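One structure below.
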């Protein structure tokens, strides 16, 4: 079920009604049943995967808590990790690894026909797998008590606003909220509604309209000029932000209507001045997950420069692979790792020398372009497209043509209003309310947003990019 | 008058909000709904603006069907619209057969929109009522009766009275002519004029940014004979007897409406 569909509106109304009308015990059950309906709307067969994952982690966590020796705990944790990653690996990476292995063997002269399976990638599998894994790891580490109630735990795994595209919540934050029925306070309603409106505006007005431009440009790679390549990736930078941040804002807003607070996944990521800050503000829940369950266990910042750089690179490569089973995502992860390493080296050397003052805005523009270069690797459907795109950057002929003018104009049109509002939010250091203080400003801002959404929004046509991950 | 009223309401609401530094969120929501209504009236809901759009946007900006719908919408705002004793209503065949005839006989006119089909005679009842002086020449061919109505026409169709919607929507759903999502889209377009007029908003942006210079479209006259035959073959393959019953039901609806308005209807072709 898509947030940007009419059926979701009806679903939400029913869920809110049940949440506030039913007795406490039943409301939790209704939330779980509703979450299963929400997921099953896409393909009910894959509910079995969520149920398997839920049951395994529920019982493993209990067994870990009851285990008498550390060895037994480790064995149980290994079981859970292998099952979770096994399911993820099979559905998401099986064909990728088989095809890659086949290509490698063919390259070295061994002729083998590696067959692939006709697998459908279950929506949101990467998100809920990481969420349940973090719970079991936390129980193993002793930072989280095992949940006693299976219904509550299942509701934690499948809580519908964040089930298919995050934020990847931690048990310590979400479980206590699900145990008790939460009530939304009157003063929280405007914030929740603002998040939903802002999310829809980013997704339906900005991202989906930009998607048409980007898709159209990727469909005519050979005819692009250097200007088009830049426009395409600037457009994609805003498309992916609008798409993913839009989803996250809607998720936070919808959860807030149930009185549940979800973590924020984005905090002005395009206003940062360095790659380290970018990852602290972009897809925050995944960045923190990778930091806590991969980077720090690998050694984190301990050890010499080479060790830290290795840890960074491994973390980012796996982070890239998490996004999708394709080499361009691995390359993207590698690129992000390399950028982080270079920044670290530069930062350390800068501390020894006198710092040169660079205006903040120049740093932001530079960092934005570094990010956009990464988006080229991320968006391209295959390695050949990346090479073609890079080749088209040498195409200086006929750079001032009507097509380029049209694409640039469309991009500016659909980016301008959201970017202006986002800049105001950044100046006010807050995205939890309309970025105007007067009643007149607030009402006009929201009304114009709704008007633009209705008259120019690309409704019900595009899924969310992160659903495929 | 409508514009002045909308501007006055806009002014009053703005003044009220300006005076109140802190307003409750409920009162802000109510003000927002009123402001939204004013925006809709000013941007899509008055005669002068529709006439401006009609003048600015041509079929190469917004498409054939959209351009003719806009022209018919503009007519609805005309005060002194002439009425014709005989109004020929029907698809492009009607246009081809009666246009020349209507030029020579001032009591005859043609009502046609691009790609018109049986469903459109219901969707454009208001426009037909404005033009008809008493006698409707309804041209029905077996081709029209056996094809599926075009979905694109539904969303951009002029505003319908609620009574028409109550009858039409269940009828279309039951007949299987439209999917649930298409009908949902239609109802939304009827409820939110901004959504219905998306073709105007997008057309204006495309015109400003010179889309037709960036992507010159091939006109109908540029289509080769082979392609034209292919289009015709596809259209013929699309004909099916299952659409016949549903289309005849729509014709019956139209006849009931015409009788209630006091119009005579002569079916002049396609006695299936």
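Residue numbers (my numbering), protein chains in the order written: chain A, 311 to 779; chain B, 7 to 278. We put the CB at the ideal spot given by N, CA and C, even for glycine. Remember, it's a predicted structure, so these values are computed and weren't measured experimentally.
Buried versus exposed call for residue 72 of chain B [16 or more other C-beta atoms within 10 Å across all chains shown] = Classification for residue 72 of chain B: buried.
With a 10 Å radius around its C-beta and 16 neighbouring C-beta atoms as the bar for buried, classify residue 367 of chain A as buried or exposed.
-> It is buried - the Cβ of residue 367 of chain A has at least 16 other Cβ atoms within 10 Å.
Consider the Cβ of residue 756 of chain A: report whether some Cβ of chain B lies at a distance smaller than 7 Å.
-> It does: the Cβ of residue 756 of chain A has a partner Cβ on chain B nearer than 7 Å.
For the stretch 489 to 502 of chain A against the stretch 545 to 558 of chain A, are there 3 or more C-beta pairs whose distance is under 8 Å?
-> Verdict: no, contact absent.
Counting contacts by CB-CB distance shorter than 7 Å, is residue 200 of chain B in contact with chain A?
-> Yes, residue 200 of chain B lies at the interface with chain A (some Cβ there is under 7 Å from its Cβ).
Is there a Cβ from chain B that is less than 7 Å from the Cβ of residue 712 of chain A?
-> Under the 7 Å criterion on CB atoms, residue 712 of chain A is classed as interfacial with respect to chain B.
What residues are listed by DSSP as bridge partners for residue 203 of chain B?
-> Under DSSP, residue 203 of chain B forms no beta bridge with any residue.
C-beta neighbour in chain A for residue 25 of chain B, strict 7 Å | No - not a single Cβ of chain A is within 7 Å of the one on residue 25 of chain B.
8 Å contact criterion, which residue 541 of chain A and residue 714 of chain A should meet: CB distance rounded | Contact between residue 541 of chain A and residue 714 of chain A holds, since their C-beta atoms are separated by about 7 Å, short of 8 Å.
Determine the DSSP secondary structure at residue 443 of chain A, reduced to helix, strand or coil.
-> In this structure, residue 443 of chain A counts as helix in the three-state DSSP scheme.
Sort B:64, B:161, B:115 by Cα distance to residue 126 of chain B and report the nearest one.
-> For the residues B:64, B:161, B:115, the minimum Cα distance to residue 126 of chain B belongs to B:161.
Compile a chain-ordered list of the residues in the stretch 174 to 191 of chain B whose CB is closer than 7 Å to at least one CB of chain A.
-> Residues 190.
Roughly how many angstroms lie between the CA atoms of residue 277 of chain B and residue 146 of chain B, to the nearest whole one?
-> Since pLDDT at residue 277 of chain B reaches only 38, below the 50 mark, its modelled position is unreliable, and no value is offered.
Going by beta carbon distance, what residues of the same chain come within less than 7 Å of residue 271 of chain B, once the five residues before and after it are set aside?
-> Only 142, 144, 261, 264 meet the Cβ criterion.
Which residues, in order along the stretch 465 to 478 of chain A, keep a beta-carbon less than 8 Å from a beta-carbon of chain B?
-> Against chain B - using a Cβ distance shorter than 8 Å - the stretch 465 to 478 of chain A contributes no residues.
State the CB to CB distance for the pair residue 295 of chain A and residue 506 of chain A, rounded to an integer number of angstroms; the pair is presumed to be in contact (CB under 8 Å).
-> Residue 295 of chain A lies beyond the residue range present for chain A, which begins at 311 and ends at 779; the question has no answer from this structure.
Using a beta-carbon distance below 7 Å, is residue 560 of chain A in contact with chain B?
-> Judged by the 7 Å Cβ criterion, residue 560 of chain A is not in contact with chain B.
Spatially closest choice to residue 732 of chain A from A:556, A:449, A:417, by CA coordinates = Looking at the Cα atoms, A:556 is the closest of the given residues.
Does the distance from the CB of residue 202 of chain B to the CB of residue 749 of chain A come in under 7 Å?
-> Going by beta carbons, residue 202 of chain B and residue 749 of chain A fall outside the 7 Å limit.
Is residue 766 of chain A close to chain B, meaning its C-beta is less than 7 Å from at least one C-beta of that chain?
-> Closer than 7 Å to some Cβ of chain B, the Cβ of residue 766 of chain A qualifies, so yes.
Grab me the residues of residue 519 of chain A's own chain with a C-beta within less than 6 Å of its C-beta, minus the 5 sequence neighbours each way, in chain order.
-> The residues are 724, 768.
Measure the alpha-carbon distance for residue 792 of chain A versus residue 691 of chain A and round it to whole angstroms.
-> Chain A is shown from 311 up to 779; residue 792 of chain A falls before or after that span and cannot be answered.
What first and last residue would you give for the beta strand (DSSP E) that runs through residue 145 of chain B?
-> For residue 145 of chain B, the enclosing beta strand (DSSP E) starts and ends at 138 to 145.
Could you tell me which chain B residues have their CB closer than 9 Å to the CB of residue 597 of chain A, listed as they occur along the chain?
-> Neighbours of residue 597 of chain A in chain B, taken as residues whose beta carbon is under 9 Å from its own, are absent, since the nearest beta carbon is some 34 Å off.
DSSP three-state call for residue 478 of chain A: helix, strand or coil?
-> Note: residue 478 of chain A maps to coil in three-state DSSP.
Mind checking the stretch 718 to 750 of chain A against chain B and listing, in chain order, the residues whose C-beta falls within less than 8 Å of any C-beta there?
-> Here the close residues are 719, 720, 723, 748, 749, 750.
Consider the Cβ of residue 761 of chain A: report whether some Cβ of chain B lies at a distance smaller than 7 Å.
-> Judged by the 7 Å Cβ criterion, residue 761 of chain A is in contact with chain B.
Which first and last residues belong to the alpha helix (DSSP H) in which residue 272 of chain B is found?
-> Premise fails: residue 272 of chain B lies in the beta strand (DSSP E), 270 to 275, not in any alpha helix (DSSP H).
Burial state of residue 392 of chain A, where buried means 16 or more other Cβ atoms lie within 10 Å = Exposed.
Since I believe residue 531 of chain A is in contact with residue 702 of chain A (beta carbons under 8 Å), could you give me their beta-carbon distance rounded to a whole number of angstroms?
-> Going by Cβ atoms, the distance from residue 702 of chain A to residue 531 of chain A rounds to 7 Å, so yes, they are a contact pair.
Amino acids of chain A, ordered along the chain, whose beta-carbon sits closer than 7 Å to that of residue 14 of chain B | Chain A residues near residue 14 of chain B: none, gap ~17 Å exceeds 7 Å.
Would you mind reading off the limits of the beta strand (DSSP E) that contains residue 635 of chain A?
-> Residue 635 of chain A -> no beta strand (DSSP E), and no H or E assigned at all.
Using 10 angstroms around the beta-carbon of residue 479 of chain A, count the other beta-carbons present and answer buried if the total reaches 16, otherwise exposed.
-> Buried.
Using Cβ-Cβ distances below 9 Å, what residues of the stretch 484 to 518 of chain A are close to chain B?
-> Along the stretch 484 to 518 of chain A, going in chain order, the ones with a CB nearer than 9 Å to a CB of chain B are 496, 497, 499, 500, 503.
Assigned secondary structure, residue 19 of chain B (DSSP; H/G/I helix, E/B strand, else coil) = Helix, per DSSP.
Terminal residues of the beta strand (DSSP E) in which residue 90 of chain B lies = Counting along the chain, the unbroken beta strand (DSSP E) around residue 90 of chain B starts and ends at 90 to 95.
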